[in-house]
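Undergrad: Residue 179 in UniProt numbering sits at position 179 of the sequence shown; the count goes up by one each step and never skips. Sending over a structure as structure tokens; questions will come in a sec.
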Amino acid sequence: MSAALTSHPGNPLPEFRGRLTQGAALGPRTWFRTGGAADLLLIPEDAADLAQAMRALEPGMAVTALGACSNVIVRDAGIAGAVVRLARGFSDIARDGDGIVAGAAALDMTVAEHAAEMGLAGLEFMAGIPGTIGGAVRMNAGAYGSDIAAVLDWVEIVTRDGTQARIAGADLDFGYRHSGLPPDAVVTRARLRATPADPAAVKARIADVRAAREAAQPVRARTGGSTFRNPEGHAAWKLIDEAGCRGLLRDGAQVSEKHCNFLINTGTATSTALEELGEIVRARVLSASGIDLHWEIRRIGRTHA
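Have a look at this one:
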């Protein structure tokens, strides 16, 4: 545990209204079901509670925001500093004219479903993204022909010093799986543009997205989504397949037989095994094609205890 916390044997944030846990296990919260503990886990009640906590944390303490943990490897030695996880107070979804305002903890799939019920089109692609709005904005999540950059009007954040701010989507310098958000900022809410449409037609497109995802991806396995970014002009899964890595197994971690750009915990893998398998895949692809794959899954936490 970090020195910043060992100096607080009791509650390091006495005015915090949410839930606070020291040494909180994170593995059970991740889709891979692997990983160590957080030095300090904060689940704030609302944006004001989060802002107050960010101000009260010692200035040098690292802050890591986690959402659904669907696209992350939490390393086995855990995460230093504070981990922020947004829950009930950040999950509201409401219509706002021709768009939707959603809390950062709202699931992307649920936002797509609400948009369909409201007769709003343009967010169907989100039914294929197994994460939250906060994570989607942070990494400019995309699927099935669209991404967050194409629909984001604004995002509200809390910065590391506790400042609450709203940033226009046009000012975020979006790129492929990248946003220009401050590194330590926590997304709290966002507005997404949409277009009025027939609800039945929107629901049909969502059904198509789900069917395509189910057919192509190992959705019922312990996985973490697309492992590597697609290099320009190439499909990562095809490069992995051509390098002979389909089904490759290491210490309970496996390259999916169904979709080569997915890693799977077959039941006994550790985060270390998953990350090491990913590096083996990268090395084999580089040797076979000369192309250096870059991780899309976030790998966070200490490399050593």
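Beta carbons: idealized from backbone N, C-alpha and C, even for Gly.
1) What is the rounded straight-line gap between the Cα of Ile79 and the Cα of Ala38?
2) DSSP state of Phe228, grouped into three classes?
3) In three-state DSSP terms, what is Phe16?
4) From which residue to which residue does the beta strand (DSSP E) around Gly169 run?
5) Within 10 angstroms of its Cβ, does Ser287 collect 16 or more other Cβ (buried), or is it exposed?
6) Whole-angstrom Cβ separation of Thr188 and Ile167, contact assumed at under 8 angstroms?
7) Who are Ile79's beta bridge partners in DSSP?
8) For the region 99–109 against the region 192–212, do three or more pairs of beta-carbon atoms, one drawn from each stretch, fall closer than 8 angstroms, so that the two count as touching?
9) Whether or not the region 257–271 and the region 213–226 are in contact is what I'm after, with contact meaning three or more pairs of Cβ atoms, one per stretch, closer than 8 angstroms; do they touch?
10) Counting C-beta neighbours from all protein chains within 10 Å, is the total for Glu117 16 or more, i.e. buried, or is it exposed?
11) Please return the same chain residues whose Cβ sits closer than 7 angstroms to the Cβ of Gly122, not counting the five positions on each side in sequence.
12) From the DSSP secondary-structure annotation, give me the bridge partner or partners of Thr64.
13) For the alpha helix (DSSP H) containing Leu239, name the first residue and the last one.
14) Grouping DSSP H, G and I as helix and E and B as strand, with all else coil, what is Gly89?
15) According to DSSP, is Glu156 helix, strand or coil?
16) Can you pull the DSSP bridge partners for Gly99?
17) So, are the CB atoms of Glu15 and Gln52 less than 9 angstroms apart?
18) For Val111, which residues of its own chain have a beta-carbon under 8 angstroms away from its beta-carbon, when the five flanking residues on both sides are left out?
19) Just to confirm before moving on: does the CB-CB distance between Pro130 and Ala211 stay below 9 angstroms?
20) So, Arg84 versus Ala65, is the Cβ gap smaller than 9 angstroms?
21) Does the separation of the CB atoms of Asp184 and Arg213 fall below 9 angstroms?
22) Rounded to a whole number of angstroms, what is the C-alpha to C-alpha distance between Ala236 and Ala24?
23) Alpha carbons only, please: which of Gly81, Asp108 and Ala141 is nearest the one belonging to Met61?
24) Quick one: any contact between the region 267–274 and the region 247–255, if contact means 3 or more CB pairs under 8 angstroms?
25) Under 8 angstroms by Cβ, that's how I've got Ala87 and Ile43 pegged, so tell me the actual separation to the nearest angstrom.
26) From the DSSP output, which residues share a beta bridge with Gln254?
27) With Arg298 as the anchor, note down where its beta strand (DSSP E) starts and where it stops.
28) Can you give me the start and stop residues for the beta strand (DSSP E) that Val74 sits inside?
29) Run through DSSP, which three-state label would Ser289 get?
30) Considering only their Cβ atoms, is the gap separating Ile297 from Thr227 smaller than 9 angstroms?
31) Kindly identify the DSSP beta-bridge partner or partners of Ser271.
TA: In terms of the structure at hand:
1) Looking up residue 79 in the sequence shown gives position 79. Looking up residue 38 in the sequence shown gives position 38. Near 5 angstroms, if we compare the C-alpha coordinates of Ala38 and Ile79.
2) The sequence position of residue 228 within the sequence shown is 228, counting from 1. Strand, per DSSP.
3) Reading the sequence shown from its first residue, position 16 is the one you call residue 16. In the structure shown, Phe16 sits in coil (DSSP, three-state: anything other than H, G, I, E or B).
4) Taking the first residue of the sequence shown as position 1, residue 169 is located at position 169. Taken as a continuous stretch (DSSP letters only), Gly169 belongs to no beta strand (DSSP E), as it is neither H nor E.
5) Working through the sequence shown from its first residue, we reach residue 287 at position 287. Burial call: exposed.
6) Residue numbering aside, residue 188 sits at position 188 when the sequence shown is read from its first letter. Residue numbering aside, residue 167 sits at position 167 when the sequence shown is read from its first letter. In fact, because the Cβ distance is near 12 angstroms, the residues do not count as touching under 8 angstroms.
7) On the sequence shown, residue 79 is found 79 positions in, with the first residue counted as 1. Its beta-bridge partners are Ala38.
8) yes
9) Counting Cβ pairs under 8 angstroms, three or more are found: they touch.
10) Here the question's residue 117 lines up with position 117 in the sequence shown. With fewer than 16 other Cβ atoms within 10 Å, it is exposed.
11) Position 122 of the sequence shown, counted from the first residue, corresponds to residue 122. Val151, Arg193, Ala194 and Thr195.
12) Here residue 64 corresponds to residue number 64 of the sequence shown, with the count starting at 1. For Thr64, which the question treats as bridged, DSSP gives the partners Val83.
13) Residue 239 sits at position 239 when you count from the first residue of the sequence shown. For Leu239, the uninterrupted alpha helix (DSSP H) segment begins and ends at Ala236 to Glu242.
14) Along the sequence shown, one-based indexing puts residue 89 at 89. Residue state, collapsed to three classes: helix.
15) Taking the sequence shown and counting its residues from 1, the one referred to as residue 156 is at position 156. Strand.
16) Locating residue 99 in the sequence shown gives position 99, where the first residue counts as 1. Note: Gly99 sits in a beta bridge opposite Asp96 and Arg193.
17) Start at 1 with the first residue of the sequence shown, and residue 15 comes out as number 15. Start at 1 with the first residue of the sequence shown, and residue 52 comes out as number 52. Closer than 9 angstroms, so yes.
18) Within the sequence shown, the letter at position 111 stands for residue 111. Ile93, Ile100, Ala102, Leu123, Met126, Ile133 and Leu192.
19) Against the sequence shown, residue 130 aligns to sequence position 130. Against the sequence shown, residue 211 aligns to sequence position 211. Not closer than 9 angstroms, so no.
20) Here residue 84 corresponds to residue number 84 of the sequence shown, with the count starting at 1. Here residue 65 corresponds to residue number 65 of the sequence shown, with the count starting at 1. Correcting the residue type first, residue 84 is Val in the shown sequence and not Arg. In contact: Val84 and Ala65 (Cβ atoms closer than 9 angstroms).
21) Position 184 of the sequence shown, counting from 1, holds the residue named residue 184. Position 213 of the sequence shown, counting from 1, holds the residue named residue 213. One thing to note: Asp184 has its Cβ no nearer than 9 angstroms to the Cβ of Arg213.
22) Locating residue 236 in the sequence shown gives position 236, counting from the first residue. Locating residue 24 in the sequence shown gives position 24, counting from the first residue. Taking the straight line joining both Cα atoms gives about 35 angstroms.
23) Position 61 of the sequence shown, counted from the first residue, corresponds to residue 61. Per the C-alpha coordinates, the member of Gly81, Asp108 and Ala141 positioned closest to Met61 is Gly81.
24) yes
25) For the purposes of this step, residue 87 is taken as the residue at position 87 of the sequence shown. For the purposes of this step, residue 43 is taken as the residue at position 43 of the sequence shown. Sure, about 5 angstroms apart at Cβ, within 8 angstroms.
26) Here residue 254 is taken as the residue at index 254 of the sequence shown, counted from 1. In DSSP, Gln254 forms a bridge with Leu249 and Ile264.
27) Taking the first residue of the sequence shown as position 1, residue 298 is located at position 298. Arg298 -> beta strand (DSSP E) spans Arg298 to Ile300.
28) Counting from 1 along the sequence shown, the entry for residue 74 is found at position 74. First-last of the beta strand (DSSP E) with Val74: Val72 to Val74.
29) To locate residue 289, count along the sequence shown from 1; it is residue 289. Helix, per DSSP.
30) As a working mapping, residue 227 is identified with position 227 in the sequence shown. As a working mapping, residue 297 is identified with position 297 in the sequence shown. Against a cut-off of 9 angstroms, the Cβ pair of Ile297 and Thr227 comes out as a contact.
31) The residue labelled residue 271 in the question sits at position 271 within the sequence shown. Ser271 is bridged by DSSP to nothing; it lacks a bridge partner.
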